[in-house]
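Quick mapping for you: the protein sequence lines, in order, are chains R and D. Residues 1 to 404 in the numbering used here are what the first sequence spells out, letter by letter. Residues 1 to 404 in the numbering used here are what the second sequence spells out, letter by letter. Here a beta-carbon is modelled for each residue, glycine too, at the ideal position from N, C-alpha and C. Notes follow the structure.
2 protein chains.
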Amino acid sequence: MNGKATSNRTKLERGRGALGPALELVHTGRAPTRAVLTAELGVTRATAGAVAAELEALGLIRVDSRPAAAAGSQGRPSHRLSIDEAGPVVLAAQVHGDGFRAALVGLGGRTVATAPTCAPVAADPAQVLGEVVAAGAALLRRSGRRCVGAGLAVPSALAEPEGTALNPLHIAWPAGSPVRDVFAERVRDAGITGPAFTGNDVNLAALAEHRHGAGRGARHLLCVATGHRGVGGALVLDGRLHTGSSGLALEVGHLTVSPEGRPCHCGSRGCLDVETDPLAFLLSAGREPGPEVSLLQQSRELLRSEYDDPAVRRAGAELVDRLGQGLAGLVNILNPDRIILGGLHRELFAADPERLRAVVADRSLWGRSGGVPILGCALDHNSLVGAAELAWQPVLDDPLTALA
Amino acid sequence: MNGKATSNRTKLERGRGALGPALELVHTGRAPTRAVLTAELGVTRATAGAVAAELEALGLIRVDSRPAAAAGSQGRPSHRLSIDEAGPVVLAAQVHGDGFRAALVGLGGRTVATAPTCAPVAADPAQVLGEVVAAGAALLRRSGRRCVGAGLAVPSALAEPEGTALNPLHIAWPAGSPVRDVFAERVRDAGITGPAFTGNDVNLAALAEHRHGAGRGARHLLCVATGHRGVGGALVLDGRLHTGSSGLALEVGHLTVSPEGRPCHCGSRGCLDVETDPLAFLLSAGREPGPEVSLLQQSRELLRSEYDDPAVRRAGAELVDRLGQGLAGLVNILNPDRIILGGLHRELFAADPERLRAVVADRSLWGRSGGVPILGCALDHNSLVGAAELAWQPVLDDPLTALA
DNA sequence: GGCAGTTTGTTCTTGCGCGGCACAAACAGG
DNA sequence: CCTGTTTGTGCCGCGCAAGAACAAACTGCC
Chain R
1 MNGKATSNRT
11 KLERGRGALG
21 PALELVHTGR
31 APTRAVLTAE
41 LGVTRATAGA
51 VAAELEALGL
61 IRVDSRPAAA
71 AGSQGRPSHR
81 LSIDEAGPVV
91 LAAQVHGDGF
101 RAALVGLGGR
111 TVATAPTCAP
121 VAADPAQVLG
131 EVVAAGAALL
141 RRSGRRCVGA
151 GLAVPSALAE
161 PEGTALNPLH
171 IAWPAGSPVR
181 DVFAERVRDA
191 GITGPAFTGN
201 DVNLAALAEH
211 RHGAGRGARH
221 LLCVATGHRG
231 VGGALVLDGR
241 LHTGSSGLAL
251 EVGHLTVSPE
261 GRPCHCGSRG
271 CLDVETDPLA
281 FLLSAGREPG
291 PEVSLLQQSR
301 ELLRSEYDDP
311 AVRRAGAELV
321 DRLGQGLAGL
331 VNILNPDRII
341 LGGLHRELFA
351 ADPERLRAVV
361 ADRSLWGRSG
371 GVPILGCALD
381 HNSLVGAAEL
391 AWQPVLDDPL
401 TALA
Chain D
1 MNGKATSNRT
11 KLERGRGALG
21 PALELVHTGR
31 APTRAVLTAE
41 LGVTRATAGA
51 VAAELEALGL
61 IRVDSRPAAA
71 AGSQGRPSHR
81 LSIDEAGPVV
91 LAAQVHGDGF
101 RAALVGLGGR
111 TVATAPTCAP
121 VAADPAQVLG
131 EVVAAGAALL
141 RRSGRRCVGA
151 GLAVPSALAE
161 PEGTALNPLH
171 IAWPAGSPVR
181 DVFAERVRDA
191 GITGPAFTGN
201 DVNLAALAEH
211 RHGAGRGARH
221 LLCVATGHRG
231 VGGALVLDGR
241 LHTGSSGLAL
251 EVGHLTVSPE
261 GRPCHCGSRG
271 CLDVETDPLA
281 FLLSAGREPG
291 PEVSLLQQSR
301 ELLRSEYDDP
311 AVRRAGAELV
321 DRLGQGLAGL
331 VNILNPDRII
341 LGGLHRELFA
351 ADPERLRAVV
361 ADRSLWGRSG
371 GVPILGCALD
381 HNSLVGAAEL
391 AWQPVLDDPL
401 TALA
């Protein structure tokens, strides 16, 4: 007993520097066993063992002594690594046009508990954020698990480093609301431990897809999505979100994709925003948008149930062509190695994948030689999971300090 | 004597990990003294001293024991750090439409020796690169200094990771020429020690400006330049060139900047390429481009000597407006914290800086709140210096290994 | 000129993270 | 049951850097 404790002490004091990278490997599913961890970290088995033991001692991961399923290869089977199901969680929150919601998310991007969506969103950010944090705090109390931080996804560009919402979309918040500070304050007031972070929803969706979804393994990942009105973009470079020097990067909505197109409030014509969002789809298909459900839902319904209608089909093809034009422009500038589409763009793409791929390849320089892989997003609630990623980041960077 | 040698040994074996960062600080002029180095590295004085001593022992920098000029502050003056003037150099080479040339470049971006420009550029890359390497080798022999690598700047996008020239501009090389391999081979054959690198000239100019020129201190630096025909772009993110996943990033020439504009070979109209290059300027000013000197020289001459002519002035303003439109589009996507212009764009900007600044601020989202600083490039031969940076990079990353 | 105060350089000790090695453990196959 | 292979563990030592104590070089004041 005593000897075991002593050896544990020894282990605990080793491998501090590699702790973060090791946890990130387990977190993103790239280190299923200790042997793989050893190889991925490029360290000795002794160091990897010490690191894994310390992460286990911190309650973050589990090291199975007996490998459940024997690996097909010969030699001694390696210990299986997994996220500790009883480990800490983070509070993830999202505000969007249809309401707001809170969830608890563990390591590995696993949603542990979700509160029902609340609607509508009041005009006062402080009130809404207070309610969503309260919902999260209730989930936390019920779960009895430790909380190490909180993340919030908002449908607005955020000025960096202030964290004020520049253009809240589909919610009646005033532009310039200090959402980052307000959220942090509400989190603190609710007695939730750990730091609080706020990010743009499309950026966070991209981050989540990169770590746990359709973007895994991509070096330069471009995400483009349209929800209700307008188009959002995000870029993950070498595993890190690129938000630009003041948080305004990837404002892709005003790329010109149709010189003769619809007028846009920006003063130009044929912007991606007004040519490829759900409203543009409905108008192109000759439908009158109704007020009862969201434009996105109406568009989805149209695409699903009336795709036989030539007008709908033609409208879809038109939007795909415009979207392809915009993506090609982005490809020429950013040269990503993968593109992920969200919202209506994902559905349009799914309806005719080859058309979009062809347009992008045709309009981008040297697109013929290869072509960028295009995929639909693969995660449910990816903005929520992305918000959780923000909160997990300090733990991934330095577990010892973050959990101290 | 013996004691001194022993203490030197001790110093030499310390501070290995911080060696690269320290050299980079001196290289980029951010560590003029040992005290500043200590602060920038965030280490103790002892460690910084050991690092500086080892870099001096490697022949890379010099540590002046007596500070030349007393600093205005009180306390003991710190030892001055400088690049060792007798230290190693790298071979830098550049090929462009008007010829090719070789130079020797030391640390700190200082050009040590330059061979005269040779013209014209033959159609065979192997021949041209053989000649330019031979010119560099001659410089090396004459200088008697140690060479630790070679870098080449070419006017073409390079496919990564192959290093083949995709679209050689203004030189009669076949598309797809394996310039990186050919250059490396010629360098090896000439008996030049150290690895050989090849990059796009605009990218390398951006890198040089970031480290030694108008881009110093910028986090996200965007460079746009026009030489003879077409427009090139480059992006430095957190000190590293962003070339995209296959080397094709920042192909900015086909951004639409004038929907009703001139037709472009890409099939579209009003591309940045055909609207803002020297040919566009001459045509807009109503001048017939002559064959005797380059389009860039004709444009510069026109701008310098006939700026009183209303037609020239109007043409300049038109180009600035188009360029501003393109830059605004890039700002919306990349959100850089500084923009540097090269070639004719620099001259047009210098002729009326406020006009371009106003257009960019007006056309970019939230441009009013701040506005991106725009500057002309500040370095002579920035592509050449950038090519040298490529060759220095291994030394900056790990001096001990690179010089072994 | 002398003295206090400040900043920097140097030496020595200490700690600790990790590589390397030897050995034990767990599997497959003959 | 033995061999070969792969993985986990305990132990040693090395290299890197922090910290403390001291020396050195300069400013400003008396």
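Asked	Found
Pull the bridge partners of Gln94 (chain R) from the DSSP assignment, please.	R:Arg101, R:Ala153
Just list the residues that DSSP pairs Ile340 (chain D) with in beta bridges.	D:Cys223, D:Leu375
Considering Cα atoms alone, identify which of D:Asp277, D:Arg357, D:Pro291 is closest to Ala285 (chain D).	D:Asp277
How many whole angstroms separate the CB atoms of Ala153 (chain D) and Gly342 (chain D), which I take to be in contact at a CB cut-off of 8 Å?	Ala153 (chain D) to Gly342 (chain D), Cβ: 13 Å. No contact.
Ignore the nearest five residues each way along the sequence and tell me which others in Ala103 (chain D)'s own chain have a CB closer than 6 Å to its CB.	Ala92, Thr111, Thr114, Leu384
When you compare the CB of Gly329 (chain D) with every CB in chain R, is at least one pair closer than 8 Å?	yes
Write down every uninterrupted run of the alpha helix (DSSP H) in the stretch 130-207 of chain D whose length is 4 residues or greater and which is fully enclosed by it, in chain order.	179-189
Please check the pair Leu169 (chain R) and Gly233 (chain R), which I expect to be a contact at CB under 8 Å, by giving their CB distance rounded to whole angstroms.	Not quite, the Cβ-Cβ distance comes to about 14 Å (not below 8 Å), so this is no contact.
Contact defined as beta carbons within less than 8 Å: I believe Ala172 (chain R) pairs with Ala123 (chain R). What is the distance between those atoms, to the nearest angstrom?	4 Å
Less than 6 Å between C-beta atoms, sequence neighbours within five positions excluded: which residues of the same chain meet that for Pro178 (chain D)?	Thr164
For a contact defined as C-beta to C-beta under 9 Å, what are the partners of Asn332 (chain D) on chain R?	Leu248, Ala249, Leu250, Glu251, Val252, Gly253, His254, Leu255
Are Val160 (chain D) and Thr243 (chain D) closer than 8 Å when you measure CB to CB?	Here residue 160 (chain D) is Glu; the residue named in the question, Val, does not match the sequence. Cβ distance < 8 Å, so Glu160 (chain D) and Thr243 (chain D) count as in contact.
Can you find a CB in chain D that lies within less than 8 Å of the CB of Ala18 (chain R)?	no
Does DSSP classify Gly386 (chain D) as helix, strand or coil?	helix
Find the nearest neighbour of Leu283 (chain D) within the set D:Val312, D:Cys266, D:Asp308, D:Ala18, judged by alpha-carbon distance.	D:Val312
Just by C-beta distance, which residues in the stretch 332-358 of chain R are closer than 8 Å to chain D?	Asn332, Ile333, Leu334, Asn335, Pro336, Asp337
Counting pairs of beta carbons, one from the stretch 371-390 of chain R and one from the stretch 212-219 of chain R, are three or more of them closer than 8 Å?	yes
Would a check of beta-carbon distances place Pro434 (chain D) closer than 8 Å to chain R?	Nothing can be reported for residue 434 (chain D), as the shown portion of chain D is limited to 1 through 404.
Quick check: Leu140 (chain R) and Asn200 (chain R), are their CB atoms within less than 8 Å of each other?	no
Please report how far the alpha carbon of Arg180 (chain D) lies from the alpha carbon of Ala218 (chain R), in whole angstroms.	25 Å
Check each candidate in R:Ala206, R:Glu185, R:Asp189 and name the one with the smallest Cα separation from Phe197 (chain R).	R:Glu185
Between Gly59 (chain R) and Ala22 (chain R), what straight-line distance do the alpha-carbon atoms span, to the nearest angstrom?	14 Å
Three or more C-beta pairs closer than 8 Å, one from the stretch 185-195 of chain D and one from the stretch 333-353 of chain D: is that the case here?	no
Let me confirm a value: Thr33 (chain D) is counted as buried when at least 16 other C-beta atoms fall within 10 Å, else exposed. Which label applies?	buried
At what residues does the beta strand (DSSP E) containing Ala311 (chain R) begin and finish?	Element bounds for Ala311 (chain R): not the beta strand (DSSP E) but the alpha helix (DSSP H), 310-334.
Please report the distance separating the alpha-carbon of Ile83 (chain R) from that of Val26 (chain R).	7 Å
Going along the chain, which residues of its own chain have a beta-carbon closer than 6 Å to the beta-carbon of Leu255 (chain D), five neighbours each way excluded?	Leu272, Gly326, Gly329
Measuring only the C-alpha atoms, how far is Leu296 (chain R) from His228 (chain R)?	5 Å
On the premise that Leu19 (chain R) lies in contact with Val51 (chain R), defined as a C-beta separation below 8 Å, what is that separation, rounded to the nearest angstrom?	6 Å
What residues match up with Gly233 (chain D) in a beta bridge as DSSP calls it?	D:Val224
Could you tell me the alpha carbon to alpha carbon distance between Arg142 (chain D) and Glu260 (chain D), rounded to whole angstroms?	56 Å
At the level of alpha carbons, what is the spacing between Arg80 (chain D) and Ser65 (chain D)?	7 Å
What in chain R is Cβ-close to Trp366 (chain D), meaning under 9 Å?	Ala157, Ala159, Leu166, Asn167, Ser246, Leu248, Glu251
Just how far apart, CA to CA, sit Leu279 (chain R) and Ser268 (chain R)?	18 Å
Using a Cβ-Cβ cut-off of 8 Å, state whether His212 (chain R) counts as contacting chain D.	no
Which bits of chain D does His220 (chain R) rub up against, with CB to CB less than 9 Å?	His242, Gly244, Ser245, Ala249
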